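*Asks:* The structure follows.
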Amino acid sequence: MATKTVRRSISMTPEMRDLLAQITAKHGRDVSENDIIRDAIRHYLDQQADVVGSRRHFQRSLQARLDRLESTLTFQMLMLTFLMATVLGDESDEAIHEAMTAARRDGDALLKQIVALRTPTGDT
């Protein structure tokens, strides 16, 4: 067992004290109230570590998924751009340049319209 070098003082309700005394009595002389309190704190800290670990895992997996989706979306947009340029027969890339300029200029307004269409009540 690790060396115990930090001391703490805690307050508890009389009911908690009585329950702690009952649990200690069930374990016999080999286990003290301090042992039970340390075990309870260790159990709580272990659970919290699991929660923190789960959140980190979720954040990492969500970020990886978002990165994959962004990569896929970028690839699809590039393919659509290439196909549109091919269909239009525009080898000077002028149509692509105009589309990018319009998207930059009108993108926010178009996004608001798309959100309004996707929202069932029309609220944004």
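One rule links them: number in the working numbering = place in the sequence shown (from 1) + 668. Built from N, CA and C at the ideal position, the CB exists for glycine as well. The model shown is predicted, which means the values in this text are computed figures rather than measured ones.
What span of residues does the alpha helix (DSSP H) with M768 cover, start to end?
*Replies:* Position 100 of the sequence shown holds residue 768. Where M768 is concerned, the enclosing alpha helix (DSSP H) stretches over 762-786.
*Asks:* Please list the terminal residues of the continuous alpha helix (DSSP H) segment that includes G721.
*Replies:* The count along the sequence shown starts at 1 and reaches residue 721 at position 53. First-last of the alpha helix (DSSP H) with G721: 701-756.
*Asks:* Enumerate in chain order the residues of its own chain whose CB-to-CB distance from G790 is below 7 Å, with the five nearest sequence positions on each side excluded.
*Replies:* The residue given as residue 790 occupies position 122 in the sequence shown. Only weak support exists for where G790 lies, its pLDDT of 48 falling under 50; the value from the coordinates is given anyway. Only A784 meet the Cβ criterion.
*Asks:* If you draw a straight line from the alpha carbon of S677 to that of Q715, how long is it in whole angstroms?
*Replies:* Along the sequence shown, read from residue 1 onward, the residue named residue 677 stands at position 9. Along the sequence shown, read from residue 1 onward, the residue named residue 715 stands at position 47. If I take the Cα positions, the gap works out to 22 Å.
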